[in-house]
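Novice:
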Amino acid sequence: MCSSLEEFSVSSEKLTASCFSLLRIKSLPNEFCCSIYLRYLCLFQCRELIELPHNIKTLSRLLTLDVRGCCSLRSIPELPPSIEVLLANGCTSLERIFSLKAVFSLNRRQISFENCVKLEEESLNDIAEDAHLTIFRNVLLFLTGQYQMINYYHYRSMDGCICYPGYNVPEWFGCQTTEASITIELDQPYYQLLGFIFSCVVSQNIPPPYFNKLGTLNIRCEYGHVGDDVKHTFLITRLNFVPERRRNSEDHVIIWTYQFPDEDMFREIEMCDDDDSTSNQKMSFRFSVDRPEYEKRVEERKKQVFIKGCGVLPMYASTVVDVIQKLELECKLQLNPHRHNSITRQSIDALKSKMIRKIKGKSHRLLKK
Numbered sequence: 000m001c002s003s004l005e006e007f008s009v010s011s012e013k014l015t016a017s018c019f020s021l022l023r024i025k026s027l028p029n030e031f032c033c034s035i036y037l038r039y040l041c042l043f044q045c046r047e048l049i050e051l052p053h054n055i056k057t058l059s060r061l062l063t064l065d066v067r068g069c070c071s072l073r074s075i076p077e078l079p080p081s082i083e084v085l086l087a088n089g090c091t092s093l094e095r096i097f098s099l100k101a102v103f104s105l106n107r108r109q110i111s112f113e114n115c116v117k118l119e120e121e122s123l124n125d126i127a128e129d130a131h132l133t134i135f136r137n138v139l140l141f142l143t144g145q146y147q148m149i150n151y152y153h154y155r156s157m158d159g160c161i162c163y164p165g166y167n168v169p170e171w172f173g174c175q176t177t178e179a180s181i182t183i184e185l186d187q188p189y190y191q192l193l194g195f196i197f198s199c200v201v202s203q204n205i206p207p208p209y210f211n212k213l214g215t216l217n218i219r220c221e222y223g224h225v226g227d228d229v230k231h232t233f234l235i236t237r238l239n240f241v242p243e244r245r246r247n248s249e250d251h252v253i254i255w256t257y258q259f260p261d262e263d264m265f266r267e268i269e270m271c272d273d274d275d276s277t278s279n280q281k282m283s284f285r286f287s288v289d290r291p292e293y294e295k296r297v298e299e300r301k302k303q304v305f306i307k308g309c310g311v312l313p314m315y316a317s318t319v320v321d322v323i324q325k326l327e328l329e330c331k332l333q334l335n336p337h338r339h340n341s342i343t344r345q346s347i348d349a350l351k352s353k354m355i356r357k358i359k360g361k362s363h364r365l366l367k368k
């Protein structure tokens, strides 16, 4: 590795991946954006990198931009709509990012700005608002079969996740609180329920024992039906967050999505929905930061509260149809033609029809071919 390299040039337009980790470069050459086939760009811990090329948006096939640890980077210019993953963890000088709302895309899958403590309020608000669309994109990926789901015995988590400095759950979470627990009402039939979107505000005052060897945190969710003494739990493992060695005074907002964490939740909702028309059930959720040695530290864990707010948003079939129709009306249903496993127009149309059938008639399986 040429860690002292400060300048370089690009002579090929056929690059598909470029990694310049730990270099002393301050900027990328202008001709770099002529690499029209570039899909992956890693600038991990280029600590002296100040700026990215303003014409980086011309890289129409770029899927991943990794600028983690670029602590001198002050802004991120407009990126192409093809971007799926944007990792800017530890960019402590970052103040501004391009308007995610202005560059509409259903391709974004994961966005992380953890420890970007200098981000301006406008950028933070933009990230929070766009998170709704980023999460919805993952819902579409799951429902259009990109995760090869067979039936509700094979649920798995989606990999959509957003993380950024902040103190409040986004406003688009209708059910939210400033505490670590929340109770919500399921106001639509169980067979329309597709899963949940979660958000937590995590305190930065977390002691070292709560981080695992990889410097990441686990968030535990305990859930159950109100009035039922039986509680279930699931663990969001290896959730990227700010390790102890880089702690600062900022809390962080984390948003992620999950289909029924296990088959027990689906079965309980189904059994409680006696009239087959509406459930009107109440469910409680309690979030906590988990210790690696959970079984040995249960009582101690209960005394520690590092979740300073949470939100839960049920995702229904009708919600999916409403959002698709809204995007179609606004002519914003843009897809990625350069990605072999991206959402296609055909799969969107098929999904829309499937969700409409689901709304009209009872289905005991989430995806019934």
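0 is the number of the first residue of the sequence shown in numbering that gives the first Met the number 0; add one for each residue after it. Just so you know, even glycine gets a beta-carbon here, dropped at the ideal spot from N, CA and C. Computed from a predicted structure; not experimentally measured.
DSSP three-state label for I358, please.
Specialist: helix
Novice: Going by C-alpha distance, which of P313, D289, P208 and S81 is nearest N279?
Specialist: Nearest of P313, D289, P208 and S81 to N279, Cα basis: P313.
Novice: Rounding to the nearest angstrom, what Cα-Cα distance links N124 and L326 in this structure?
Specialist: 21 Å
Novice: Could you tell me whether the segment 135–145 touches the segment 167–185, where touching means 3 or more Cβ pairs closer than 8 Å?
Specialist: no
Novice: Using alpha carbons as the reference points, say which of E221, E249 and V288 lies closest to M282.
Specialist: Nearest to M282 by alpha-carbon distance, out of E221, E249 and V288, is E221.
Novice: What's the call for M354, buried or exposed, on a 16-neighbour Cβ count within 10 Å?
Specialist: buried
Novice: Pick helix, strand or coil for D348, following the three-state DSSP scheme.
Specialist: helix
Novice: On the three-state DSSP scale, how would you describe A179?
Specialist: coil
Novice: Going by beta-carbon coordinates alone, are F305 and I205 separated by less than 8 Å?
Specialist: Yes.
Novice: Name the DSSP beta bridge partners of H251, please?
Specialist: In the DSSP output, where bridge partners are listed per residue, H251 has P164 and V201.
Novice: So what does DSSP say about Y315, is it helix, strand or coil?
Specialist: In the structure shown, Y315 sits in a strand (DSSP, three-state: E or B).
Novice: Quick one: grab the DSSP three-state call for I35.
Specialist: coil
Novice: With hydrogens ignored, establish whether the beta-carbon of F284 is closer than 7 Å to any heavy atom of the ligand SAM.
Specialist: Absence of the ligand SAM from the depicted structure is noted, as is the absence of any ligand whatsoever, leaving it without description.
Novice: Opposite L40 in the DSSP bridges: which residues?
Specialist: Note: L40 sits in a beta bridge opposite S17 and L64.
Novice: Any idea if R285 is buried or exposed, counting beta-carbon neighbours within 10 angstroms, 16 or more meaning buried?
Specialist: buried
Novice: Look at S74 and E94 and say whether their C-beta atoms are less than 8 Å apart.
Specialist: yes
Novice: Considering only residues of the same chain and omitting the five flanking positions on each side of N29, which have a CB-CB separation below 8 Å?
Specialist: P52 and N54
Novice: Is S81 closer than 8 Å to L61 when the C-beta atoms are compared?
Specialist: Result yes, Cβ atoms of L61 and S81 sit closer than 8 Å.
Novice: Residues in its own chain within less than 7 Å of E83 by CB, not counting five upstream and five downstream?
Specialist: L62, T63, N106, R107 and R108
Novice: Need the endpoints of the alpha helix (DSSP H) that D129 sits in, please.
Specialist: E120 to L142
Novice: Answer yes or no: do S377 and I49 have a C-beta to C-beta separation smaller than 8 Å?
Specialist: What is shown of the chain runs 0 to 368, which leaves residue 377 out entirely.
Novice: Keeping to the same chain, check which residues put their C-beta closer than 6 Å to that of S346; ignore five residues upstream and five downstream.
Specialist: Sequence-distant partners of S346 (beyond 5 residues in either direction) whose C-beta falls short of 6 Å from its own C-beta, in its chain, are T143.
Novice: Using the Cα positions of V288 and A179, report the straight-line distance between them to the nearest angstrom.
Specialist: 10 Å
Novice: For K307, count neighbouring C-beta atoms within 10 Å of its own C-beta (all shown protein chains included) and say buried if the count is 16 or more, exposed if not.
Specialist: Classification for K307: buried.
Novice: Would you report the Cα separation of N114 and P164, rounded to the nearest angstrom?
Specialist: 7 Å
Novice: Under a three-way DSSP split, which group does V320 fall into?
Specialist: Helix at V320.
Novice: Suppose contacts are defined by Cβ-Cβ distances below 8 Å. Is F112 in contact with A130 by that definition?
Specialist: no
Novice: Identify, in the order they occur along the chain, each residue of the same chain with its Cβ nearer than 7 Å to the Cβ of L234, setting aside the five sequence neighbours on each side.
Specialist: N217, R219 and D289
Novice: Would you mind reading off the limits of the beta strand (DSSP E) that contains Y189?
Specialist: No beta strand (DSSP E) contains Y189, which DSSP labels as neither H nor E.
Novice: Could you tell me which of D186, E119 and G226 sits nearest to T318, measuring between CA atoms?
Specialist: When each option's Cα is compared against that of T318, the closest is D186.
Novice: Rounded to whole angstroms, what is the Cα-Cα separation between P79 and L350?
Specialist: If I take the Cα positions, the gap works out to 26 Å.
Novice: Which stretch, first to last residue, makes up the beta strand (DSSP E) that contains H224?
Specialist: L216 to H224
Novice: Distance check for A16 and L58, CA to CA, integer angstroms please.
Specialist: 12 Å
Novice: What is the rounded straight-line gap between the Cα of K117 and the Cα of D348?
Specialist: 42 Å
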